[in-house]
Amino acid sequence: MRRVVAAGVALFLLSSVAFADEQTDRLARVGKLWGTVRYLHPYLAYKEIDWDAALVTALPRVREARTPEEYRAAVQGMLDALGDPVTRVADPPPPPGEQPAAAQPVALSRKLDGGVLVIELAKYLKTASPRAARGAIAALHEEIAKASALVVDLRAGKLAGAEAFYAGYFLEQLGDALVNRPSRAPSQRYLMH
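In my numbering, the protein residues as written are 3 to 195.
Structure below.
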């Protein structure tokens with residue numbers, strides 16, 4: 003009986019340590035996210051947003067989160083303080099066994115609330131077939147025409163050689179769809195060391 007109780011206590015302590023490590027990791031990730039948004043998000047340059055209060059409000063929920071869904075909700079609650087429909091917690095990628103088949107059409111965009119369309123350069127660069135990529139760009143023209151707002155996410159990491167060429171080609175192919183109506187230049191924010 004003593005051996006069973008000792009084993010139970012040891013298992014409880016190990017699970018507590020594992021949970022504490024996961025909790026510490028989550029708090030560290032939220033801190034990094036807070037800092038990145040604090041210095042790089044354009045809304046904080048010109049809008050009255052109490053970003054410090056958003057972090058302070060989110061920390062107890064992050065600390066108490068027991069599941070990934072609760073953690074994501076806590077982080078999204080912090081991001082909601084920005085009032086930016088594009089700054090959101092992304093859905094986790096599907097497990098490797100559930101990846102879409104290669105025969106399915108390539109999706110270079112995703113829709114957010116309010117008809118906001120996000121086009122992602124990184125998805126284009128990962129497209130295996132040039133034919134599929136051309137078809138996806140053609141489909142984007144139709145989606146852009148229906149969108150209430152558009153975000154072109156150019157984050158793709160370091161580009162070299164052919165990737166840099168294809169990135170330029172991607173923007174060239176989208177060019178006429180991006181300027182067929184009045185637009186204003188995007189907000190810019192820099193971090194210099």
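Glycine included, C-beta positions come from ideal geometry on N, C-alpha and C.
- In the DSSP assignment, A151 falls within the beta strand (DSSP E) that extends over A151 to D155.
- If you draw a straight line from the Cα of G33 to the Cα of F172, it comes to about 35 Å.
- By a beta-carbon distance limit of 8 Å, D86 contacts Y45. Their separation comes to about 6 Å.
- For the pair A60 and G37, the Cα-to-Cα distance works out to about 14 Å.
- DSSP places K113 in the strand class (E or B) of the three-state scheme.
- Residues L123, A124, L127, E165 and A169 of the same chain have their beta carbon placed closer than 8 Å to that of A158, with the five preceding and five following residues left out of the count.
- Taking a cut-off of 8 Å on C-beta distances, the segment 66-73 does not touch the segment 42-56, as fewer than three cross pairs fall below it.
- In the structure shown, I121 falls within a strand segment according to DSSP collapsed to helix, strand and coil.
- Residues of the same chain with a CB within less than 6 Å of the CB of G79, apart from the 5 flanking positions on each side, are A60 in chain order.
- In this structure, L119 and V88 do not form a Cβ contact; the two beta carbons are roughly 10 Å apart against a cut-off of 8 Å.
- The Cβ atoms of I51 and A83 lie closer than 8 Å to each other.
- In chain order, L110, S111, I121, L176 and A179 place their CB closer than 8 Å to the CB of L142, counting only its own chain and leaving out the 5 sequence neighbours on each side.
- For G79, the enclosing alpha helix (DSSP H) starts and ends at P70 to D82.
- In the displayed model, A179 falls within a helix according to three-state DSSP.
- Secondary structure at E66: helix, using DSSP grouped into helix, strand and coil.
- Inter-residue distance for A138 and V153 is about 17 Å (C-alpha atoms, whole angstroms).
- When secondary structure is reduced to three states using DSSP, G170 falls in the helix class.
- Per DSSP, the continuous alpha helix (DSSP H) segment holding A47 begins and ends at Y45 to Y48.
- Rounded to the nearest angstrom, the Cβ distance from Q25 to R65 is 6 Å, consistent with a contact under 8 Å.
- Judged by DSSP in its simplified three-state form, A92 adopts coil rather than helix or strand.
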